[in-house]
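Protein chains in written order, with the working numbering: chain D, 5 to 215; chain G, 912 to 1294.
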Amino acid sequence: MEILKKISETLYDGDEFAMPELVNEAINAGATAQQVLDAMMAGMAIVGDEFSRDELYIPEVLCSCHAMMEGSKVLKPLLTDTDAKSVGTVILGSVQGDMHDIGKNLVGMMLEGRGLKVIDIGIDVPAEKFVEAAIEHNADIVACSILLTTTMPETPKVVKAFVEAGIRDQVKIMIGGAPITQEFCIRMGCDAYAKDAGAAAALALTIYQNN
Amino acid sequence: MNSRERVMTAANHREPDRVPVDMVLTIDVYRDMKKILNMEHLPETPRMGRWTEVQMPIEMIKKLGIDMYYVSPRSGVSIHSKSFDDGSFIDEWGCYWKKTAIDGGHFYFELVNPPLAKATIADLETYIWPDPEDPKRYSGLKEEMKEVRETTDLAILAKFAGAVFELATYMRGHEQWYRDIINNQEFAHALMDKICQIQKRTNEVIMAEVGEYVDILRLSGEDLGMQDRPLVSPKTFRKVIKPHLQELWEHAKKTLHQYQPEAKIMLHTCGSVRPFIPDLIESGVDILDPVQPGAKDMNRFELKEAFGDKIVFHGNIDIQKILPFGSKEDITNEVREAIKALAPGGGFLLAPAHNVQGDVSAEKLVHMVNCVHKFGNYPIQLD
Chain D
5 MEILKKISET LYDGDEFAMP ELVNEAINAG ATAQQVLDAM MAGMAIVGDE
55 FSRDELYIPE VLCSCHAMME GSKVLKPLLT DTDAKSVGTV ILGSVQGDMH
105 DIGKNLVGMM LEGRGLKVID IGIDVPAEKF VEAAIEHNAD IVACSILLTT
155 TMPETPKVVK AFVEAGIRDQ VKIMIGGAPI TQEFCIRMGC DAYAKDAGAA
205 AALALTIYQN N
Chain G
912 MNSRERVMTA ANHREPDRVP VDMVLTIDVY RDMKKILNME HLPETPRMGR
962 WTEVQMPIEM IKKLGIDMYY VSPRSGVSIH SKSFDDGSFI DEWGCYWKKT
1012 AIDGGHFYFE LVNPPLAKAT IADLETYIWP DPEDPKRYSG LKEEMKEVRE
1062 TTDLAILAKF AGAVFELATY MRGHEQWYRD IINNQEFAHA LMDKICQIQK
1112 RTNEVIMAEV GEYVDILRLS GEDLGMQDRP LVSPKTFRKV IKPHLQELWE
1162 HAKKTLHQYQ PEAKIMLHTC GSVRPFIPDL IESGVDILDP VQPGAKDMNR
1212 FELKEAFGDK IVFHGNIDIQ KILPFGSKED ITNEVREAIK ALAPGGGFLL
1262 APAHNVQGDV SAEKLVHMVN CVHKFGNYPI QLD
């Protein structure tokens, strides 16, 4: 359907204002809610890939994420329980002492855009809160945003909290943020490092597919 | 050659006797520095800015062997201004700076609750903006700068008015603002124009008081880069943001030169900013800070080759990995490499690539300065 292609393109272009009407138009033309959602997710997959290849910039990606949110608002009441089953649950937060949320939010929107359920537990999150949230939501991935060299020491505390709670082997711990490297990730005993939001979403999907 | 001559020679793309060096310390590392230099008599908390950076006393500057005195900006007071018991505060623009604890007993001020998050263009007209004429903004400044000029031979770097693009980010909230510059450009222009006019007048008012004492005017930070790419696309930058920044910078330079024709203009912009450097040069920026070495496309040898005859580099000593986590040997290598790449022909002022945070020991900074004194003598002979 031509309208579905247009929805993918509009998502990519980040036109959050045009999206609700296009979604309605597609539904009225006979598309199912799942087809529309798939079309949006197809656009988001391109955004994520291009962002990972350093071809897109944050402002454009944020607009795409918000276009997705606007379209999803229209779709939500139309999706049945069997539709749009999320492929998994991710607990997402900025570690204690880190008040930065834009990177975290971007990761969250990108994860949702790829079909994952995201429980955003906010900024300045103590290690034990990650554990509590992971247990409460039966999550398999915990994603920590760490933007500062001065908040990097929080990373081992998060890992330790999961070890002490006895559920370290039940979750994968993903980390990311400006000062973080793959080497740091390994040294701290985390499971995965994502260099940006696009990579985080792709990585989370891979983790679920391998589980 | 004294410090001021050294700095200004380098800033004029000529070789001084050695590479100039300076730094800005945040509160924790300042206290550490007091200890290791045996200067316990110095004040525990000299004037502190919103990034927890402190005004380093002249005595410490001299003992450390660095070349620059930073004049930190004073802020005005408005109807929005407020202090809280926990140390958090709201500034004159209405931005809330929350005092936040960091591992190891340190703290920082982080921005929360942006005041214009929901504003429309009409709201910008009714918002109560800071008064650029507020004399609190330059209270005590003349006495301080005059004293530094008359009793030392340090170069004076001053920062007066604030930012435009970055302040718009604070007032609007990062996420909303980045969407505005793509999907709500009319509002974006209106907000930046409003801020720009206030900053221009602020510069005029303060420079009329103290412009004659300025060697380098540090324009307020306009961070345009992230670690792995620019923050905005060059296209969006040129279309939406640059006109406002260029207006402020050109005005600042023109105003400053009325009082001090030899003074230079420095722009602080973090991260991967290489695509914007030609725009900065075109807009009259003389010195680029902090030339963040770990960011993408910021290779120091390539930057010198491409832009070294048109812009001076300030900073460049890595503060993300080497200063906090590296050994003394790593620091020696970093200083040598930076000098080797950027110092030939002048045009390099060495400093940590940002205000130094509490995760860097003062001992390492002393070592950094010693390395500059050892390897930074002209003619540069490093292989």
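We treat Cβ as the ideally placed atom computed from N, Cα and C, and that holds for glycine. Note that the structure is predicted; figures quoted are calculated from it, not measured.
Proximity below 8 Å, CB of residue i to CB of residue j
i, j, result
"G:W962", "G:N1210", "no"
"G:E970", "G:L936", "no"
"G:Y1289", "G:R1048", "no"
"G:I1106", "G:L1130", "no"
"G:I1250", "G:G1287", "yes"
"G:S1144", "D:Y61", "yes"
"G:G1256", "G:E1054", "no"
"G:L1035", "G:R1083", "no"
"G:H1225", "G:P1189", "no"
"G:L948", "G:L975", "yes"
"D:M178", "D:G117", "no"
"G:D1139", "G:C1181", "no"
"D:V175", "D:D144", "yes"
"G:V982", "G:L1068", "yes"
"G:P984", "G:F1071", "yes"
"G:G1073", "G:Q1110", "yes"
"G:G1005", "G:D1042", "no"
"D:V40", "D:V51", "no"
"D:Y154", "G:G1269", "Reading the sequence as shown, one finds Thr at residue 154 of chain D and not Tyr. Going by C-beta atoms, D:T154 is nearer than 8 Å to G:G1269."
"G:A1206", "G:G1136", "yes"
"D:I171", "D:A138", "yes"
Contact set between residue i and chain D, taken where Cβ atoms lie within less than 8 Å
i, result
"G:Y1289", "Near G:Y1289 there are no residues of chain D at all, since even the closest Cβ is about 33 Å away, more than 8 Å."
"G:I1013", "G101, L152, T154 and T155"
"G:Q1203", "Those do not exist, as G:Q1203 stays about 10 Å from chain D at its closest Cβ, beyond 8 Å."
"G:P1025", "Here the premise fails: no neighbours, minimum Cβ distance about 12 Å."
"G:G1269", "T154"
"G:P1235", "T153"
"G:K1009", "M103"
Nonlocal neighbours in the same chain, by C-beta distance under 7 Å from residue i, ignoring five residues either side
i, result
"D:A203", "S56"
"G:I977", "V932, D933, M934 and V1280"
"G:I972", "Y980 and L1065"
"G:P1186", "P1141 and P1145"
Where residue i meets chain G, residues with beta-carbon distance less than 9 Å
i, result
"D:C67", "Y1089, R1090, I1093 and N1094"
Proximal chain G residues relative to residue i, where beta-carbon distance stays under 8 Å
i, result
"D:I50", "In chain order: nothing, as chain G lies at least about 17 Å away."
"D:K133", "Simply none; closest approach about 16 Å."
"D:K199", "D1139"
"D:G117", "Within chain G, no residue comes near D:G117; the closest Cβ sits about 15 Å away, beyond 8 Å."
Chain-order list of residues whose beta-carbon lies under 6 Å from that of residue i (same chain, five-residue window excluded)
i, result
"D:E158", "V99 and Q100"
"D:M103", "I127 and D128"
"G:V1121", "L1052, K1053 and M1056"
"G:M912", "P927 and D928"
"D:S149", "S98, G107, K108 and G181"
"G:I1152", "F1076"
"G:V1023", "Y1007 and K1009"
"G:H1179", "G1132 and D1200"
"D:E54", "L60"
Interface residues of chain D facing residue i [CB-CB closer than 9 Å]
i, result
"G:S1144", "L60, Y61, P63 and E64"
Proximal chain G residues relative to residue i, where beta-carbon distance stays under 7 Å
i, result
"D:K80", "Per Cβ cutoff of 7 Å: no residues; D:K80 is ~21 Å from chain G at best."
Identity of the residues DSSP links to residue i by a beta bridge
i, result
"G:N1352", "Given that chain G is displayed from residue 912 to residue 1294, the structure contains no residue 1352 of chain G and the question cannot be resolved."
"G:T1225", "It should be pointed out that residue 1225 of chain G corresponds to His in this sequence rather than to Thr. Paired residues: G:L1260."
"D:V99", "D:V129"
"D:I123", "D:I95"
"D:C148", "D:G97 and D:I179"
"G:P1141", "G:G1136"
"G:K993", "G:I1001"
"G:N1288", "G:R929"
"D:V27", "Paired residues: none, contrary to the question."
"G:R1129", "G:M1177"
Chain-ordered neighbours of residue i on chain D, where CB pairs are closer than 7 Å
i, result
"G:E1021", "M103"
"G:T1147", "P63"
"G:E1086", "L66, I106 and N109"
"G:H1017", "T154"
(message) As an exercise, report each continuous beta strand (DSSP E) stretch of at least 3 residues that is fully enclosed by the stretch 1153–1199 of chain G, in chain order.
(response) 1175–1179
(message) Please give the ranges of any beta strand (DSSP E) in the stretch 921–984 of chain G, keeping only runs that are unbroken, at least 3 residues long and fully inside the region.
(response) 979–982
(message) What ranges does the alpha helix (DSSP H) occupy inside the stretch 996–1049 of chain G, keeping only unbroken runs of at least 4 residues that lie completely in it?
(response) 1032–1037
(request) Would you list, in sequence order, the uninterrupted alpha helix (DSSP H) runs of no fewer than 4 residues that lie entirely inside the stretch 160–203 of chain D? (result) 186–191
(message) What ranges does the alpha helix (DSSP H) occupy inside the stretch 37–90 of chain D, keeping only unbroken runs of at least 4 residues that lie completely in it?
(response) 37–56 and 62–79
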